[in-house]
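Colleague: Protein sequence lines correspond, in order, to chains C, V and F. Taking the working numbering, the leading residue of the first sequence gets 43, the next gets one more, and so forth. Taking the working numbering, the leading residue of the second sequence gets 35, the next gets one more, and so forth. Taking the working numbering, the leading residue of the third sequence gets 14, the next gets one more, and so forth.
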Amino acid sequence: MEPENKISPEMAVAEADVRSEESGEVVRGTSLWRDAWRRLLKNKLAVFGLVVVAIVTIASIIGPTVIKSAFGFTPDYIPTNDVRLIRSFPPFTGPNGEFSWAHPMGTDNAGRDQLARVLQGGQISLFVGIISTLVSLIIGVSYGAIAGYVGGRVDNVMMRVVDVLYSLPYVIVVIVLLSMFRSQTPRGQLTLLFIALGSVSWLTMARIVRGQVLSLKNQEFVLAARATGVSGPRIVFRHIVPNTLGPVIVYATLTIPQIMLTEAFLSFLGFGVQAPLASWGSLAADGVQNIAIFPWQLIFPGVTMALTLFSLNFLGDGLRDALDPQMRTT
Amino acid sequence: MFRFIIRRLLITIPTILVVISITWVLIKLAPGNFYSGEKRLPAAIEKSIREKYGLDKPWYQQYGKTMWNIVRHLDFGTSLRFEGQSVNTIIRRSLPVSAAIGILAYLLALIVGVTIGSIAALKQNSRWDYTSMALAMLGISVPNFVLGPILVLIFSLSLYWLPPSRWGGFPSRNLILPVLTLSAIYMAYIARLTRAGMLEVLRSDYIRTARAKGLSEKDVLIKHALRGGLMPVISYTGPALAFLLTGTVVVERIFALPGLGNYFIQASLNRDEPLIIGIVAFISITLLFMNLLVDIAYAYLDPRVRYH
Amino acid sequence: MSANGALLEVRNLRTYFDTEDGVVKAVDDVSFQLQRGETLGIVGESGSGKSVTNLSIIRLVQEPPGKIVSGEVLFKGEDILLLRPAAVRRIRGRRIAMIFQDPMTSLNPFMKISRQLMEMTQLHLGHTKGQAYEHAIRMLETVGIPDARTRADSYPHEFSGGMRQRVMIAMALSCEPELLIADEPTTALDVTIQAQILELIKKLKQETGTSVILITHDLGVVAGMTDHVLVMYAGKIFEQAKTTELFARPGNPYTKGLLRSVPDPTAEQGKLYQIPGLPPDVAHLKPGCPFAERCDRVEEICRREFPPFVELTTDHHSLCHFAHEVYGG
């Protein structure tokens, strides 16, 4: 970090705080984030969200391994020793209808452990959500920052394009894209999914960043940087963009559940994640087939997913209230 | 106002052509076609069919012909999968199904969402406020493909109150579950938006003026606050419609309804090119015009925008 | 009750706000009287509690976070704070009307001017639509809106700030209230418009005999308009006196500071005086005088003990340990 970079955030804070002369500038800069964190911890629902998201994430990562060492089966393990046993067991039920800890969420039609599959599905769902959000973040922040910083006619055209894209049925286009370019490998399909989801989810981010940049670019620290001869792109990405961090983090947090929902929707329809990979959406799609006889096949992946999205949404809302009380309206 | 509409139409029409072109390009760029895959035909037959549909021509002739037919006659050609049926016929047949559940779902969402959101705003930080907002968050977080089957499980398969699926005409009891499933998420969004909009308006100076006039709380709410408070809901209607279309896709799938969405999924899975292009074009046109309507409504409702 | 025949008597009013930072005592033990036909000025910096005092009078304080903790607001001998909400609503607009600071946001942007005026008389005077419309136009003419008939059906955003404030005044006076509370009616306006609006209020007051409470942070405004003045600071009344007396012989260092910071057009050019420091954080008041930190004659006792409310004459009180000394010289 260059010294000039260190000026900007504190100057931005100084703008907002009349009494900043009395306290040290650096102290105020850090306490902005500390204040936000304190406010977040006061918000019970946000803390609930944070805890659940953390638990689900950790369980998804280490869960399948733990199950393997505890019970000796992987998410793909199919007990083939007796064909008659291959049917869906209800939760906490063993092969002969007795109580058993082995399958707390029951099994699917092939006898595979649902808990292990839900946790592994969580890996994919969270992974897709996070990576696609990153893709949309990169596109949205760059697009918005450039439009806002360059301004004038360029800004006008760029934002018109966003307006037009907003009114398109993008999920429909994504379905066409995914169905036409259906990859032969699950990994390829996953990559296609990242690109497709990321490239349609950046619009709001671009609008937010542009608005921020517009209001920031005429502030003193930017003028100061410009006066000392810092180049345009450098001003945008080293001075302005770091100051839009608050709203960007908030919106990114709210984008993750949206993308996860879209992914699940696509997988449910058969355009998303392909077997042998599974996400919550594709597990739910499998479960729907047997809803009348084996309801747990839908309920467990569905409820896990809903709980996770619920928590992510509360966390995002809490972050928004904590970082910028004025953003509450939308 | 009039100029505004004309200007928007001038943007809308090229946009639709761009969407159709993008879809066309995607389809043509993708490897394979309708006849690759399971439905492999003897070479001679395939050749004659390709000639019949003009698929043997160079790409620019195909593109030109497709676009010309669309622009000139709004003719999207004949479906490959449903032989002998024109795309227009299929759309005309399936549209009422999608429109019925879509419109009913949005109306239901508006009525319930605005009511719940207003009450939550008036009783901010009360138990009612927290409960309804937690429920709204749940509505946003539960995917409709989970909600739908669970509703079926409860009301059809356990309680035997309602039929689980199939199109039963309009109106019919068969509509209840699909409409509820589709409506839930909009209800939730609209309740949240209404609450946020109303809270902002209720804090504003002109509401204080209205109270200082001696108006009752009911009059303050209905005559003064509601209009401003609902503006966010009006602007949300545009994106909501786009969203609604994707929602109908899932709901039609779950409840086996012969709507546009279901046809679209089948067309995509089968690479039924004319049908894909036709439905994409139709949906885009609908959406863009709906957005135009929303903008006009917005301008009509907010005098500050109107005179700009 | 009000044996002296006061139109309004506020006794020991306390309005507190519950905030994240703690309890803010926005109005803390405020008492004053307003005689019929009189104009009372309430002066103070922002956050001094002057607006909350007046919102409390017609119970418009947002609850929560605000709460009128105790006190009496006797309007012609009747305690408004004890009335049922419906009875309070019959007083609002009809007998006590308010004008707010920002005419840009105080009118409903979605409603025609005419309808916003008509609402008043339809509600309180039982006017029919036609009567109310004619009355609205008469009121708009009274407050000096040119072409009132053609402009009545405009929306607020089509009016300038000064015009909107005239509309607010027309609205406030349309039921001939006994008391008009004007909360910084000119703060948001240009200087030339300010004078016009004040002149208008003064003129209408003389014509109708309405009593007025004029809230302002500008002592200059108070001078030509009011009979009595209250000076508020940190939720307390710091000084109260007849206007002429207050300007001639202030009995409080804070008032003195305010008077010194009014620009004097006759003086040679020089630096305008400014009271040093900022108003205190009302949520965390220290014991002692809330003004002590900024006072130029602060002594040790000021930081330790809360000052007494000293009676200088029967009509002149000051909240200061050294009120007599300040008053005397």
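We put the CB at the ideal spot given by N, CA and C, even for glycine.
1. With DSSP run on the structure shown, which of helix, strand or coil describes glycine 248 of chain F?
2. Whole angstroms are fine: how far does the CA of arginine 42 of chain V sit from the CA of isoleucine 299 of chain V?
3. Can you tell me whether threonine 205 of chain F is buried or exposed? The criterion is at least 16 other CB atoms within 10 Å of its CB, across all chains shown.
4. Run through the region 174 to 207 of chain F for me and flag every whole beta strand (DSSP E) of 3 or more residues, listed as ranges in chain order.
5. I believe leucine 321 of chain V touches leucine 275 of chain V by the beta-carbon criterion, under 8 Å. Please report the beta-carbon distance rounded to the nearest angstrom.
6. Would you list, in chain order, the members of the region 206 to 225 of chain C that have their beta-carbon closer than 8 Å to a beta-carbon of chain V?
7. Between the alpha carbons of isoleucine 241 of chain V and asparagine 121 of chain F, how many angstroms are there, rounded?
8. Looking at the C-beta of tyrosine 168 of chain F, does it have a partner C-beta in chain D at a distance below 7 Å?
9. Less than 7 Å between the C-beta atoms of aspartate 239 of chain V and serine 167 of chain F, yes or no?
10. Determine which residues of the region 122 to 146 of chain F have a Cβ less than 7 Å from any Cβ of chain V, and write them out in chain order.
11. Using only the alpha-carbon positions, how far apart do aspartate 203 of chain F and alanine 161 of chain F sit?
12. On a Cα-Cα basis, can you pick out the residue from C/Val215, C/Pro284, C/Leu308, C/Leu82 that is closest to glutamine 254 of chain C?
13. Which value, in whole angstroms, describes the spacing of the CA atoms of proline 343 of chain C and valine 242 of chain C?
14. Assign alanine 269 of chain C to one of two classes, buried (16 or more other C-beta atoms within 10 Å of its C-beta) or exposed (fewer than that).
15. Using a beta-carbon distance cut-off of less than 9 Å, what residues from the region 243 to 258 of chain V approach chain F?
16. Looking at the C-beta of isoleucine 335 of chain C, does it have a partner C-beta in chain V at a distance below 7 Å?
17. Which parts of the region 134 to 169 of chain F are runs of the alpha helix (DSSP H), unbroken and 4 residues or longer, counting only runs that do not cross its ends?
18. Nearest by alpha-carbon distance to valine 213 of chain C: which of V/Phe38, V/Phe277, V/Gly173 is it?
19. Which residues in the same chain have their Cβ closer than 7 Å to the Cβ of glutamate 324 of chain F, if we skip the five residues on either side of it in sequence?
20. When the distance is taken between beta carbons, is phenylalanine 116 of chain V closer than 7 Å to isoleucine 310 of chain C?
21. If you count every other CB in all the chains shown that lies within 10 Å of the CB of isoleucine 137 of chain V, and 16 or more means buried, which is it?
22. Mind checking which residues open and close the alpha helix (DSSP H) that includes glycine 173 of chain V?
23. Does DSSP classify valine 23 of chain F as helix, strand or coil?
24. Could you please give the first and the last residue of the uninterrupted beta strand (DSSP E) stretch that includes aspartate 42 of chain F?
25. Tell me, which residues are paired with isoleucine 112 of chain F by DSSP?
26. Roughly how many whole angstroms lie between the Cα atoms of valine 74 of chain F and phenylalanine 30 of chain F?
27. Taking only beta-carbon atoms, is valine 292 of chain C less than 7 Å away from chain V?
28. Rounded to a whole number of angstroms, what is the C-alpha to C-alpha distance between alanine 254 of chain F and threonine 243 of chain V?
29. Quick check: what's the CA-CA separation for glycine 358 of chain C versus valine 290 of chain C?
30. Among the candidates V/Ile54, V/Ala222, V/Ile210, V/Ile311, whose CA atom is the shortest distance from the CA of isoleucine 150 of chain V?
31. Look at the Cβ atom of leucine 354 of chain C, then the Cβ atom of valine 98 of chain C, and state whether they are nearer than 7 Å.
32. With DSSP collapsed to three states, give me the class of threonine 304 of chain C.
33. Would you grab the beta carbon distance between threonine 175 of chain C and alanine 294 of chain C for me? Rounded to a whole angstrom, and I think it's under 8 Å.
34. Comparing C-alpha positions only, which one of V/Asn304, V/Ile188, V/Glu251, V/Asp253 sits nearest to isoleucine 335 of chain C?
35. Jot down the residue ranges of each uninterrupted alpha helix (DSSP H) in the region 217 to 246 of chain V, minimum 4 residues, whole runs only, in chain order.
36. Between the beta-carbon of serine 132 of chain V and the beta-carbon of leucine 294 of chain V, is there less than 7 Å?
Modeller: Let's see:
1. Indexing the third sequence from 1 puts residue 248 of chain F at position 235. DSSP places glycine 248 of chain F in the coil class of the three-state scheme, outside both helix and strand.
2. Position 265 of the second sequence holds residue 299 of chain V. Position 8 of the second sequence holds residue 42 of chain V. Distance between the alpha carbons of isoleucine 299 of chain V and arginine 42 of chain V: 31 Å.
3. Against the third sequence, residue 205 of chain F aligns to sequence position 192. Exposed, because fewer than 16 other Cβ atoms sit within 10 Å of the Cβ of threonine 205 of chain F.
4. DSSP runs (the beta strand (DSSP E)) wholly in the region 174 to 207 of chain F: 192 to 196.
5. Your numbering for residue 321 of chain V matches position 287 in the second sequence. Your numbering for residue 275 of chain V matches position 241 in the second sequence. Right, the Cβ-Cβ distance comes to about 6 Å (below 8 Å), so this counts as a contact.
6. Per Cβ criterion, the list reads Val206, Tyr208, Ser209, Leu210, Pro211, Tyr212, Val213, Ile214, Val215, Ile217, Val218, Leu219, Ser221, Met222, Phe223.
7. Translated into positions along the second sequence, residue 241 of chain V becomes position 207. Translated into positions along the third sequence, residue 121 of chain F becomes position 108. Cα to Cα, isoleucine 241 of chain V sits roughly 8 Å from asparagine 121 of chain F.
8. In the displayed structure, chain D is absent; the protein chains listed are C, V and F.
9. As a working mapping, residue 239 of chain V is identified with position 205 in the second sequence. As a working mapping, residue 167 of chain F is identified with position 154 in the third sequence. The answer is no: Cβ separation not under 7 Å.
10. Answer set for the region 122 to 146 of chain F: Pro122, Phe123, Glu132, Met133, Leu136, His137.
11. For the purposes of this step, residue 203 of chain F is taken as residue 190 along the third sequence, with counting starting at 1. For the purposes of this step, residue 161 of chain F is taken as residue 148 along the third sequence, with counting starting at 1. When rounded, the distance between both Cα atoms is 22 Å.
12. As a position in the first sequence, residue 254 of chain C is number 212, starting the count at 1. Per the Cα distances, C/Pro284.
13. Counting from 1 along the first sequence, the entry for residue 343 of chain C is found at position 301. Counting from 1 along the first sequence, the entry for residue 242 of chain C is found at position 200. Near 26 Å, if we compare the C-alpha coordinates of valine 242 of chain C and proline 343 of chain C.
14. In the first sequence, counting from the first residue as 1, residue 269 of chain C sits at position 227. Alanine 269 of chain C comes out exposed.
15. From the region 243 to 258 of chain V, only Thr243, Ala244, Arg245, Ala246, Lys247, Gly248, Leu249, Ser250, Glu251, Asp253, Lys257, His258 have a Cβ closer than 9 Å to chain F.
16. Mapped onto the first sequence, residue 335 of chain C falls at position 293. No, because no Cβ of chain V sits closer than 7 Å to the Cβ of isoleucine 335 of chain C.
17. The qualifying runs are 142 to 155, 161 to 164.
18. The count along the first sequence starts at 1 and reaches residue 213 of chain C at position 171. Nearest option by C-alpha distance: V/Phe277.
19. If you number the third sequence from 1, residue 324 of chain F lands on position 311. His330, listed in sequence order.
20. Taking the first sequence and counting its residues from 1, one reaches residue 310 of chain C at position 268. Taking the second sequence and counting its residues from 1, one reaches residue 116 of chain V at position 82. What sits at residue 310 of chain C in the sequence shown is phenylalanine, not isoleucine. Contact flag unset, no.
21. Locating residue 137 of chain V in the second sequence gives position 103, where the first residue counts as 1. Residue burial is scored here from C-beta neighbours: isoleucine 137 of chain V has fewer than 16 other C-beta atoms within 10 angstroms and is therefore classed as exposed.
22. Translated into the one-based positions of the second sequence, residue 173 of chain V becomes position 139. Glycine 173 of chain V -> alpha helix (DSSP H) spans 161 to 175.
23. For this step, residue 23 of chain F is matched to residue 10 along the third sequence. If DSSP states are grouped into helix, strand and coil, valine 23 of chain F belongs with the strands.
24. One-based indexing of the third sequence puts residue 42 of chain F at position 29. Aspartate 42 of chain F: member of the beta strand (DSSP E) spanning 35 to 47, first to last residue.
25. Translated into positions along the third sequence, residue 112 of chain F becomes position 99. Note: isoleucine 112 of chain F sits in a beta bridge opposite F/Ala195.
26. Taking the third sequence and counting its residues from 1, the one referred to as residue 74 of chain F is at position 61. Taking the third sequence and counting its residues from 1, the one referred to as residue 30 of chain F is at position 17. Distance between the alpha carbons of valine 74 of chain F and phenylalanine 30 of chain F: 9 Å.
27. Sequence index remark: in the first sequence, residue 292 of chain C carries index 250 (1-based). False, the Cβ-Cβ gap to chain V never drops below 7 Å.
28. Along the third sequence, one-based indexing puts residue 254 of chain F at 241. Along the second sequence, one-based indexing puts residue 243 of chain V at 209. Roughly 31 Å separates the two Cα atoms.
29. Counting from 1 along the first sequence, the entry for residue 358 of chain C is found at position 316. Counting from 1 along the first sequence, the entry for residue 290 of chain C is found at position 248. Straight-line Cα distance between these residues: approximately 11 Å.
30. By 1-based counting over the second sequence, the position of residue 150 of chain V is 116. Per the Cα distances, V/Ala222.
31. By 1-based counting over the first sequence, the position of residue 354 of chain C is 312. By 1-based counting over the first sequence, the position of residue 98 of chain C is 56. Going by beta carbons, leucine 354 of chain C and valine 98 of chain C fall outside the 7 Å limit.
32. Along the first sequence, read from residue 1 onward, the residue named residue 304 of chain C stands at position 262. DSSP places threonine 304 of chain C within a helical segment (H, G or I) once states are collapsed to three.
33. By 1-based counting over the first sequence, the position of residue 175 of chain C is 133. By 1-based counting over the first sequence, the position of residue 294 of chain C is 252. Taking the Cβ atoms as the reference, threonine 175 of chain C lies roughly 6 Å from alanine 294 of chain C, within the contact range of under 8 Å.
34. Stepping through the first sequence from its first residue, residue 335 of chain C is reached at position 293. Per the Cα distances, V/Ile188.
35. Uninterrupted alpha helix (DSSP H) stretches at least 4 residues long and entirely within the region 217 to 246 of chain V occur at 239 to 246, given in chain order.
36. Translated into the one-based positions of the second sequence, residue 132 of chain V becomes position 98. Translated into the one-based positions of the second sequence, residue 294 of chain V becomes position 260. Their beta carbons are under 7 Å apart, which means serine 132 of chain V touches leucine 294 of chain V by this criterion.
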